[in-house]
Amino acid sequence: MPNDQKKTKKQLLEELELLRQKNSELEEIKLRQMEDLRKANEAMRCSFPILEQHNDGIFVIFDRQFEFINQKLEDLFGYNMQEMCGTGFELMSIVAPESRSFVKRKFDEGYRGEFNAQQFEFTGIKKDGRKIECHTSIIFIPYKWGVAIHGILNDVSVRKRIDEELQKSQDNLQVALDSIPTSIFYTDKNHRFFQVNDAFCRLLGLSKEEIINRNIAELFPNLPEKQFHQYWQDNQEVIDDGQPKRGIVEMFPSNIGRKWIQSDKMPYRNEKSEIAGVVCLAIDITNIRETEEKLWYLSFHDVFTGLYNRAFFEEEILRLEGGRFYPFTFINAAVTNYHTVNQTHGVSAGNLLLKKTAAILNTFRTEDIVARIDDNSFAVLLPMSSQETGESIAARLKEALEKESAESTGPHPEVHFEIKTIDKETPIINFLKKAS
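Have a look at this one:
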């Protein structure tokens with residue numbers, strides 16, 4: 005007789021109760037994980053509120069999963085934050101099948117350590133199955149225990165349709181050009197503009213009458229010669245080779261401030277099919293470029309104090325260890341009353357201690373590296389400096405802290421300094437680990 009049939013009714017009921025308890029525990033774990041995910045994303049949204057207000061889709065990918073998305077990205081693809089950032093969400097589910105191998109290749113290049121910024125286009129797919137054309141700009145940065153992808157994504161489906169319409173229609177070209185929100189202009193073999201649309205005029209802050217029959221150097225006589233020669237060189241290559249050049253990223257002059265554009269340049273042919281100049285489709289990526297610069301800054305800086313963060317500090321240690329910068333003097337500065345002030349005067353008072361300390365520490369030479377390496381600890385690395393130099397600097401810092409305390413009210417930072425000079429026989433990273 006099977007063992008199950010030998011069990012008493014009481015035993016079976018006890019086993020059933022145990023199963024119910026186990027199931028209840030699993031449900032609680034699942035709910036806690038979902039709540040942790042919600043809190044983590046809310047924390048990131050609070051840390052970087054500008055990303056929520058951005059007109060572009062913003063995302064962070066880590067460990068091949070979405071770590072963060074903003075509201076715009078939710079709107080673009082029709083998934084909510086819990087779905088896209090949840091465990092098990094497949095990244096490629098928002099990429100159309102025909103673009104998946106291409107996107108995977110782009111991601112793999114960054115994961116292999118090629119940390120250059122990349123811009124590319126692919127076909128995406130929304131939750132309801134509709135396809136959209138996407139333009140994305142991504143950067144790969146050290147994050148946690150690996151590499152994260154910070155990216156910006158735009159829906160360029162309208163621009164794609166515009167491109168197709170331009171190919172179909174030559175009649176009433178100027179009207180069509182002026183209805184297009186993307187900048188379009190034509191230049192002849194002498195690089196003079198002979199046709200432009202309203203969007204390009206807005207980009208430069210000039211009227212059509214001011215632009216037509218002039219080249220970029222005549223429009224902006226103060227432009228560095230090197231810059232407009234590069235611009236002309238790109239045009240000349242298109243004219244000479246008869247082949248388009250795509251994805252050119254360059255700074256463009258304007259009467260309303262510096263502009264960054266990404267342009268596709270194609271040969272323009274006259275009625276005899278002869279190459280007569282260049283037609284250019286230019287996208288204003290100034291906002292993308294500025295956001296990209298901010299992301300790079302945030303990747304290597306402590307947002308709260310403005311100093312370098314631990315990740316950057318460790319990277320610099322590894323870089324400098326291979327050079328001729330020995331001896332190094334390492335100064336560890338710990339704000340010993342930080343936690344006490346937090347408890348007795350509140351978090352804002354504790355944070356003020358850190359900011360005061362950071363401001364005083366951030367007065368070193370440009371070759372010295374100052375970073376926040378822990379919640380209440382800072383580190384300073386002085387290349388080619390002796391123990392005496394380190395002790396002298398620490399003494400000056402103590403005087404500056406005492407002066408700050410005498411001139412201000414409220415809790416004052418109490419800082420303990422530890423100084424160590426390191427020769428080639430001792431890896432610098434070892435001392436950093438001891439100081440943590």
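If you count the sequence shown from 1, position 360 lands on 364 in our numbering, and the numbers rise without skipping. We put the CB at the ideal spot given by N, CA and C, even for glycine. Model, not experiment: these values are computed from the prediction.
By the 16-neighbour rule on beta-carbons within 10 angstroms, I260 is exposed.
DSSP places Y115 in the helix class (H, G or I) of the three-state scheme.
Taking 3 residues as the shortest admissible run, the region 400-426 contains the following complete beta strand (DSSP E) segments, listed from N- to C-terminal end: 419-426.
Put simply, of P417, S390, W264 the residue whose alpha carbon is nearest the alpha carbon of L365 is P417. Contact check for V162 against T127 fails: the beta carbons are separated by 9 Å or more.
Residue pairing by DSSP places C284 opposite F189, K269 in a beta bridge. Within 10 angstroms of the beta-carbon of H233 lie fewer than 16 other beta-carbons, which makes it exposed. Selection H195, V374, I129, W236 evaluated against D306 yields V374 as nearest (Cα-Cα).
The alpha-carbon separation between E94 and S258 amounts to approximately 43 Å.
In the DSSP assignment, V345 falls within the unbroken alpha helix (DSSP H) covering 342-349. A362 and R376 do touch by the CB rule: their CB atoms are close to 7 Å apart, below 8 Å. The region 191-262 contains, as complete alpha helix (DSSP H) runs of 4+ residues, the segments 202-208, 212-215, 220-223, 229-245 (chain order). Per DSSP, the continuous alpha helix (DSSP H) segment holding F81 begins and ends at 75-81.
Proximity to A203 across N217, L322, F81, S183 peaks at S183, based on C-alpha coordinates. Per DSSP, reduced to three states, the secondary structure at F317 is helical. Of the candidates F197, R165, F198, E297, the residue whose Cα lies closest to the Cα of P185 is R165.
Taking A286 as reference, the option from M88, C205, I142, T91 with the minimal CA-CA separation is C205. Between F334 and A383, the CB-CB gap stays under 9 Å. For T413, the number of other beta carbons within 10 angstroms of its own is below 16, and it is reported as exposed.
Here DSSP, grouped into helix, strand and coil, assigns N59 to coil.
When the Cα atoms are used, K249 and P146 turn out to be separated by approximately 32 Å.
In the DSSP assignment, Y147 falls outside any alpha helix (DSSP H) and within the unbroken beta strand (DSSP E) covering 135-147. Between H139 and V160, the beta carbon gap of about 5 Å places them in contact (Cβ cut-off 8 Å). When P387, Y330, Y312 are compared, the shortest CA-CA separation from S381 is found for Y312. With 16 or more other Cβ atoms from the protein chains shown falling within 10 Å of its own Cβ, Q266 counts as buried.
Taking a contact as a CB-CB distance under 8 Å, the pair V351 and V419 does not count as one, their CB atoms being some 19 Å apart. Here N74 is not near F66, since their CB atoms are 9 Å or more apart.
Secondary-structure assignment with DSSP links F70 through a beta bridge to I65. With distances taken between CA atoms, L401 lies nearest to E422 out of F224, E422, F332.
If you look at S303, you'll find it in the alpha helix (DSSP H) that goes 290-304.
If you draw a straight line from the Cα of D192 to the Cα of L177, it comes to about 17 Å. Residue N120 holds the alpha-carbon nearest to the alpha-carbon of E297 among E21, S105, N120, M85. Separation of the CB atoms of I292 and D60 is rounded to 7 Å, and the pair is thereby assigned contact status at 8 Å.
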